[in-house]
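Enquirer: Numbering (the numbering used here), first residue to last: 446 to 758.
Glycine is no exception: its CB is placed at the ideal position from the N, C-alpha and C atoms.
(1) Of all the options 508, 675, 696 and 557, which has the alpha carbon lying nearest to the alpha carbon of residue 660?
(2) Of the residues 744, 732, 713 and 730, which one's Cα is nearest the Cα of residue 512?
(3) Would you call the CB atoms of residue 633 and residue 611 closer than 8 Å?
(4) When you compare the CB positions of residue 657 and residue 640, do they come within less than 8 Å of one another, or not?
(5) Any chance the region 458-475 sits against the region 693-711, with 3 or more Cβ pairs inside 8 Å?
(6) Against chain B, does residue 657 count as a neighbour if the rule is that its beta carbon must be under 8 Å from one of theirs?
(7) For residue 622 and residue 527, what's the separation of their Cα atoms in angstroms?
(8) How far does the beta strand (DSSP E) with residue 638 in it reach, from first residue to last?
(9) Distance, Cα to Cα, residue 677 vs residue 702?
(10) With residue 543 and residue 492 assumed to form a contact (beta carbons below 8 Å), what rounded beta-carbon distance in angstroms separates them?
(11) Do the CB positions of residue 451 and residue 681 come within less than 8 Å of each other?
(12) Using the three-state DSSP reduction, which class does residue 464 fall into: helix, strand or coil?
So, in structure tokens, the structure goes:
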């Protein structure tokens with residue numbers, strides 16, 4: 446028995462670990478370190494219809510417990526991703542989740558329609574939550590009615606299941622999740638980065654050229670855990686959790702909160718082997734916890750019963 450195997454809409458994962466979109470590119474750099482087939486899946490860099498250079502530099506800044514970035518969805522565009530990046534990734538035995546972005550609903554739909562036809566793309570991640578672009582991105586991810594409409598339009602053209610990436614930069618994330626589920630989404634991914642800012646002490650100027658950026662890393666983990674905990678009990682579709690995961694213990698915590706798989710982002714920049722290392726450590730941790738299969742962890746914090754680990758008020 447594979448104790449780490451997970452079944453999600455469109456995705457038969459040998460393990461629940463995947464690199465998050467935006468932190469892994471198309472895998473070319475990491476393939477120099479290890480066999481990408483070891484991963485459960487790969488969420489590739491966001492793809493738009495036309496190539497994007499992204500925001501002006503500097504667009505990355507460190508914080509005491511995370512990273513602030515304002516990349517701005519830099520990517521080579523749909524045509525190059527279809528002709529070069531996805532065929533290159535086909536050499537690995539790993540399903541691809543294609544992150545789809547755009548400035549208009551029409552662009553989202555066109556990218557989704559074409560990229561969902563690629564043989565190794567098993568699911569889409571609809572990026573309605575990037576905080577670093579002036580058009581699209583978060584504009585679609587903060588109004589439930591607009592997010593639902595976009596989800597419906599993409600579902601109509603996609604040949605694979607559609608997961609929608611939620612922004613934490615909203616007042617009521619449960620309301621957003623319910624609207625997107627009702628619109629036909631097959632799953633959610635959450636959370637994206639939190640909008641943040643740093644200022645240079647010597648110059649009094651914002652460090653990022655974009656002034657603000659998305660905060661990721663360990664600092665946002667408690668927020669991600671709380672949001673997944675709340676959303677997972679309010680919906681019926683699966684959640685791929687992300688937000689500050691650095692260890693096998695973090696993975697279990699996300700599962701306890703209600704995630705069915707996880708994506709790892711910023712930690713890849715600290716340790717390029719973080720994903721395979723966590724995959725290797727998970728079986729021993731399951732033994733230590735007395736758990737036979739990773740799926741048994743899902744929702745343990747909110748399920749009633751003797752084995753519940755939730756001890757809050």
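Expert: Let me spell this out:
(1) 508
(2) 713
(3) yes
(4) yes
(5) yes
(6) Of the protein chains in the structure, only one exists, and it is not chain B.
(7) 30 Å
(8) Segment: none, residue 638 is in no beta strand (DSSP E) and carries neither H nor E.
(9) 8 Å
(10) 6 Å
(11) no
(12) strand
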